[in-house]
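Colleague: I have a structure I would like to understand better, so I am pasting it below and will then ask my questions one at a time.
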Amino acid sequence: MGFTFVLNIVLRWAHIAGAIAVLGGLFRAYISGLYAVDKYRHWLTAGALALVVSGGWQFIQKMNAAPGGWHMLMGIKILLDCT
């Protein structure tokens, strides 16, 4: 077992745990109102950060060679999502 293998496993679990934390926090906000979630805000922030970091790592690992036109399509998607 190499370092990259262990890192991939740890980051995969971090991605799952981050998704659970964010979705659980959103469900709690839906049930009890936004003001009751203020004491859990650090968990929600940590979950979102875990999603971004582990998702970025997985993205780098899987996209060694992007298909033709992929960067253009993702740029258009990001621009459309921002509006």
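If you count the sequence shown from 1, position 71 lands on 99 in this note's numbering, and the numbers rise without skipping. Glycine residues also receive a C-beta, built at the ideal position from the N, C-alpha and C atoms.
Taking just the CA atoms, how far does M29 sit from H43?
Modeller: Distance between the alpha carbons of H43 and M29: 21 Å.
Colleague: Flag this pair as touching only if the region 85 to 101 and the region 56 to 76 have three or more C-beta atom pairs under 8 Å; answer yes or no.
Modeller: No: fewer than three Cβ pairs fall under 8 Å.
Colleague: Of the choices F31, M102, L35, L51, whose alpha-carbon is the least far from that of Y68?
Modeller: Comparing Cα positions, the closest option is L51.
Colleague: So, with DSSP's three-state summary, where would you put G96?
Modeller: G96: coil per DSSP, three-state reduction.
Colleague: Please confirm whether G53 and V65 have their CB atoms less than 9 Å apart.
Modeller: It is a contact, given that the beta carbons lie within the stated cut-off.
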